[in-house]
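Student: Position in the sequence shown (first residue = 1) + 247 = our numbering. The beta carbon of each residue, even a glycine, is placed where N, CA and C say it ideally should be. Quantities reported herein were computed from a predicted structural model and do not represent experimental measurements.
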Amino acid sequence: MFVPEMMVPALKELANAFEKYKDEEEFKKELNYLLKEFAGRPTPLYFTKNISNELGFRIYLKREDLLHSGAHKINNTLGQGLLAKRMNKKEIIAETGAGQHGVATAITGALLGMPVKVFMGEKDVERQKLNVYRMKLFGAEVVPVTSGSKTLKDAVNEALRYYLTNVETCYYLIGSVVGPHPYPKIVQHFQEIIGKETREQILKKEGKSPTAVVACVGGGSNSIGIFSAFIEDEVKLIGVEAGGNEEKHGKTLGEGSVGIFQGSKSYVLQTKDGQILEAHSISAGLDYPGVGPVHSYLKDSKRAAYGSITDSEALEALAYLSRKEGILPALESAHAVAYVMKNKEKFKKSDIVIICLSGRGDKDVAQLMGGGFLE
Ligand SMILES: *Cc1c(COP(=O)(O)O)cnc(C)c1O
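(1) How far does the beta strand (DSSP E) with Phe294 in it reach, from first residue to last?
(2) Give me the Cβ distance between Ser475 and Glu439, rounded to the nearest whole Å; I'm assuming they're in contact under 8 Å.
(3) CB of Gly467 to nearest heavy atom of ligand 1: below 6 Å?
(4) Within the same chain, show all residues whose beta-carbon is closer than 6 Å to that of Ser528, passing over the 5 residues directly before and after it, in chain order.
(5) Shortest alpha-carbon distance to Tyr280 belongs to which of Asn322, Leu313 and Leu484?
(6) In angstroms with no decimal places, state the Cα-to-Cα distance between Leu578 and Ala331.
(7) Indicate, with yes or no, if ligand 1 has a heavy atom lying under 6 Å from the CB of Glu579.
(8) Is the beta carbon of Ile449 closer than 7 Å to that of Ala462?
(9) Ignore the nearest five residues each way along the sequence and tell me which others in Arg333's own chain have a CB closer than 6 Å to its CB.
(10) Thinking just about the alpha-carbon of each residue, which of Lys512, Thr458, Val250 and Lys320 is nearest to the one in Val587?
(11) Within the continuous alpha helix (DSSP H) that includes Ile321, where are the two ends?
(12) Give me the Cα-Cα distance between Asp558 and Leu575, rounded to the nearest whole angstrom.
(13) Quick check on Val461: does DSSP put it in helix, strand or coil?
(14) With a threshold of 16 other CB atoms inside 10 Å of the CB of Tyr380, please say whether the residue is buried or exposed.
(15) Is the region 423 to 443 in contact with the region 359 to 372, if contact means three or more CB pairs nearer than 8 Å?
(16) Start and end of the beta strand (DSSP E) containing Phe366?
(17) Could you pull the start and end residues of the beta strand (DSSP E) that Pro427 belongs to?
(18) Please report the straight-line C-alpha distance between Thr352 and Ser605, rounded to a whole angstrom.
(19) What three-state label does DSSP hand Ser528 in the structure shown?
(20) Are Ser285 and Asp598 close, meaning C-beta to C-beta below 7 Å?
(21) Which residue comes first and which comes last in the beta strand (DSSP E) that contains Val390?
(22) Exposed or buried, which one is Asp270 when buried takes at least 16 other CB atoms within 10 Å?
(23) Does the contact criterion of 3 or more C-beta pairs under 8 Å hold for the region 498 to 513 versus the region 557 to 572?
(24) When the Cα atoms are used, what is the spatial distance from Thr290 to Leu282?
(25) Using a threshold of 6 Å, is the CB atom of Gln375 nearer than that to any non-hydrogen atom of ligand 1?
(26) Apply the 10 Å Cβ neighbour rule to Phe265 and answer buried if 16 or more other Cβ atoms are within range, or exposed otherwise.
(27) Report yes or no: do the region 392 to 404 and the region 311 to 329 share at least 3 C-beta pairs separated by less than 8 Å?
(28) Under three-state DSSP, which class holds Leu450?
(29) Suppose you measure from the CA of Lys451 to the CA of Glu481; what does that come to, to the nearest Å?
(30) State the DSSP-derived secondary structure class of Ser597, mapped to helix, strand or coil.
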């Protein structure tokens with residue numbers, strides 16, 4: 248927890264509330280009801296006949312893309328939204344870069360009858376018009392942030408400032424396993440449902456554990472969500488970061504160094520003097536210079552391995568999965584698919600590989616069209 252002194256009491260209150268409610272029967276019942284009836288859990292673990300045949304081993308997709316809102320982020324926003332209610336907070340705030348977390352939070356606020364304010368850099372508001380409009384449709388207020396580089400890190404600063412002045416009434420809902428303790432722990436907890444379901448499903452379908460579980464890593468929530476259930480098993484855990492292009496990328500674990508960023512100590516993309524570098528990826532959800540501390544731990548302890556995939560490899564995988572299986576993955580998730588395609592020689596016929604398909608690609612269609620993809 249690396250935060251200003253002023254923020255410590257609020258984080259302690261949050262940690263206490265989380266520990267109190269997470270195992271409470273009423274809380275779990277309400278959350279499970281919403282996950283099932285509102286969000287659409289459990290999601291299928293789908294066997295891909297066509298690409299399995301072509302690549303030469305058994306490939307399953309955990310279909311988080313089929314959730315309401317189109318991605319895994321809603322597992323976390325529903326959990327934290329209910330927590331905010333239990334804590335008697337009157338308002339939810341969030342910050343968002345690409346807008347996906349903002350949309351999931353706006354949906355949750357509408358469902359739970361709580362007003363939502365989403366802080367967003369002015370540049371991102373301009374770049375992510377569709378998601379801004381979606382947030383507004385769900386009744387959220389989008390606050391454009393005009394300071395600094397007018398992107399995510401400035402939105403985080405503004406959200407923090409607002410939070411510190413309204414700490415009694417306001418719940419700050421963080422979207423990945425990042426930020427100061429207890430946030431990484433809370434977000435992981437609410438995403439662990441992905442792994443729990445996957446483990447049960449694969450044991451039922453195959454009668455044994457998979458060879459490997461592969462997931463993309465932005466902040467690291469969908470990946471730790473699916474990894475967590477397999478940590479004790481003899482299963483390869485592989486995280487895939489944004490390799491970007493020749494000039495810029497988001498390989499935080501691959502090329503970053505240990506530093507303090509947004510309240511926690513972890514690998515981070517920074518200069519020798521500790522200035523945070525800008526990250527790049529074709530997928531806005533992986534375009535982040537930090538990563539959750541749990542992944543730094545899994546990397547250093549060698550329990551998980553981390554690779555990277557470039558923008559063009561991700562695009563190729565998106566097209567491949569769409570044509571071969573009729574499933575359009577989010578650009579983020581396409582990184583995990585691309586990793587498996589690229590490393591197919593490493594797997595043998597009897598191997599079982601599970602890919603976490605964190606989201607659907609409909610949100611990326613306008614960007615693909617604008618970039619002249621397929622032409
Ligand atoms: C936000 C997002 C990600 C990256 O976030 P993680 O916290 O690393 O999971 C990945 N996939 C999709 C579809 C997203 O929306």
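Tutor: According to the structure data:
(1) Run containing Phe294: Leu292 to Phe294, per the beta strand (DSSP E) assignment.
(2) 5 Å
(3) yes
(4) Ala489, Gly491, Gly497 and Asp534
(5) Asn322
(6) Roughly 31 Å between the two C-alpha positions.
(7) yes
(8) no
(9) Tyr268
(10) Thr458
(11) That run of the alpha helix (DSSP H) goes Lys320 to Arg333.
(12) 16 Å
(13) strand
(14) exposed
(15) Contact fails between the region 423 to 443 and the region 359 to 372, because fewer than three Cβ pairs, one in each stretch, are under 8 Å apart.
(16) Counting along the chain, Phe366 sits inside the beta strand (DSSP E) bounded by residues Val363 to Gly368.
(17) Pro427 -> no beta strand (DSSP E), and no H or E assigned at all.
(18) 17 Å
(19) coil
(20) As written in the sequence, residue 285 is Phe, which differs from the Ser given in the question. Cβ atoms of Phe285 and Asp598: not closer than 7 Å.
(21) Glu388 to Val392
(22) exposed
(23) The count of Cβ pairs closer than 8 Å, one atom from the region 498 to 513 and one from the region 557 to 572, stays below three, leaving the stretches out of contact.
(24) 10 Å
(25) no
(26) buried
(27) No: fewer than three Cβ pairs fall under 8 Å.
(28) Here Leu450 sits in helix by DSSP.
(29) In this structure, the straight-line span from the alpha carbon of Lys451 to that of Glu481 is close to 17 Å.
(30) coil
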